[in-house]
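First comes the structure, then the notes that go with it.
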Amino acid sequence: MRDWRPCAILILLATLLLPQIVHAQGDPSRGAQLSGQCEECHGDAGENRIEGFPNLANQNYNYLVKQLREMRTSARERYGEATRQQSAEAKALLRAKRSNEIMDPFVVELSDEDIHDLSAYYADQACNAVMVGAPLPAPKIEARCQVCHGKFGITKNSNIPNIAGQDALYLEQQLLNFKTATEMAGGAGNRRAGIMESQVRMLSDQDIKDISLYYARLPCR
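Residues 5 to 225 in this note's numbering are what the sequence shown lists, from first letter to last.
Here it is, written out as structure tokens:
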């Protein structure tokens, strides 16, 4: 007679581990409940309609987690709530760090679970594929962008943002932030990312406008 005990043990282990696996990836349904405070700026289900604010729908999960954690660290430092552990976390964010005072009151009290759940919710939403204007010819600098951000602004790397269909003014402002990046000292809109800083410093302000509008005119999926 066949011994089913090894299979039973594997099934039991899988059952015990499943909640941990789901939690590690975030719970979209719980994220939906938390997303109400985000809608005023980021729109219903992450489809922004306000110029200068990013669309979050269908954005990459790991990227969203990282951005929220970095903004939370900056917010806690400004709010004077940094513990030793948080200060150590801040020191670890040397290669990329983000600070945005508008986001401070929304992220300062988020738990890690909240961040994972919100990120899972927005990553799970379908983006609006309707383009805002006719597609534009690709600027020459686009070839450098697609190495990381993928052809037509959609990447397979979850740590890197999709930029196709993103708000043009938002893209332009982020590129300008990278271009003028200095050591983080608080303030609205500061952002660090070594590879982006080195790439963007070679661009003129017109280059930045052109590439931002190009990606904004591409379908997001």
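Each residue gets a CB set at the ideal place from its N, CA and C atoms; glycine is no exception.
Closest residue to residue i among the options (Cα-Cα distance)
{"i": "Asn-132", "options": "Phe-182, Cys-42, Pro-58 and Asp-31", "result": "Pro-58"}
{"i": "Cys-42", "options": "Gln-63, Asp-31 and Leu-122", "result": "Leu-122"}
{"i": "Asn-166", "options": "Glu-51, Pro-32, Asn-52 and Gln-63", "result": "Gln-63"}
{"i": "Asp-48", "options": "Ile-145, Tyr-126 and Lys-160", "result": "Tyr-126"}
{"i": "Ser-33", "options": "Gln-210, Arg-196, Glu-176 and His-120", "result": "His-120"}
{"i": "Phe-182", "options": "Gly-169, Tyr-174, Leu-175 and Arg-196", "result": "Arg-196"}
{"i": "Leu-207", "options": "Gly-50, Ile-145 and Gln-129", "result": "Ile-145"}
{"i": "Gly-169", "options": "Ala-147, Leu-179, Ala-138 and Gly-198", "result": "Ala-138"}
{"i": "Ala-130", "options": "Gly-50, Leu-175, Glu-44 and Glu-176", "result": "Gly-50"}
{"i": "Asp-118", "options": "Asp-211, Gly-35 and Leu-140", "result": "Gly-35"}
{"i": "Gln-178", "options": "Leu-140, Gly-40, Gln-71 and Gln-29", "result": "Gln-71"}
{"i": "Ile-106", "options": "Met-200, Cys-45 and Ile-212", "result": "Cys-45"}
{"i": "Asp-128", "options": "Ser-216, Tyr-65, His-153 and Ala-185", "result": "Tyr-65"}
{"i": "Asp-214", "options": "Lys-101, Leu-140 and Met-75", "result": "Leu-140"}
{"i": "Ser-216", "options": "Tyr-174, Met-75, Arg-102 and His-153", "result": "Tyr-174"}
Classification of residue i by the beta-carbon crowding that lies within 10 angstroms, buried from 16 upward
{"i": "Arg-225", "result": "exposed"}
{"i": "Gln-37", "result": "exposed"}
{"i": "Arg-205", "result": "exposed"}
{"i": "Asn-104", "result": "buried"}
{"i": "Met-188", "result": "Low confidence applies here, because Met-188 scores a pLDDT of 46, under 50, leaving its location unreliable and the question unanswered by this model."}
{"i": "Thr-77", "result": "buried"}
{"i": "Pro-143", "result": "buried"}
{"i": "Asp-171", "result": "buried"}
{"i": "Ala-61", "result": "buried"}
{"i": "Tyr-218", "result": "buried"}
{"i": "Asn-52", "result": "buried"}
{"i": "Tyr-83", "result": "exposed"}
{"i": "Ala-124", "result": "buried"}
{"i": "Asp-209", "result": "exposed"}
{"i": "Val-69", "result": "buried"}
{"i": "Asn-194", "result": "buried"}
{"i": "Gly-30", "result": "buried"}
{"i": "Glu-55", "result": "exposed"}
{"i": "Ser-202", "result": "exposed"}
Cutoff 8 Å: residue i Cβ touching any chain C Cβ
{"i": "Cys-152", "result": "Of the chains in the structure shown, none is chain C; there is only one protein chain."}
DSSP beta-bridge partners of residue i
{"i": "Lys-256", "result": "Since the first residue of the chain shown is 5 and the last is 225, residue 256 is not available in this structure."}
{"i": "Ala-147", "result": "Answer by DSSP bridge pairing: none, since Ala-147 is not bridged."}
{"i": "Lys-101", "result": "Arg-196"}
Heavy atom of the ligand GTP within 7 Å of residue i beta-carbon
{"i": "Ser-162", "result": "Looking for the ligand GTP in the displayed structure turns up nothing, as the structure carries no ligands at all."}
Point to revise | Any 3 or more C-beta pairs closer than 8 Å across the stretch 149–169 and the stretch 217–224 | key: yes
Exercise for review: Evaluate contact between the stretch 67–83 and the stretch 107–122, counting only Cβ atoms and requiring at least three cross-stretch pairs below 8 Å.
Suggested key: yes
Point to revise | Contiguous alpha helix (DSSP H) assignments of at least 4 residues, all confined to the stretch 112–177 | key: 116–127 and 146–153
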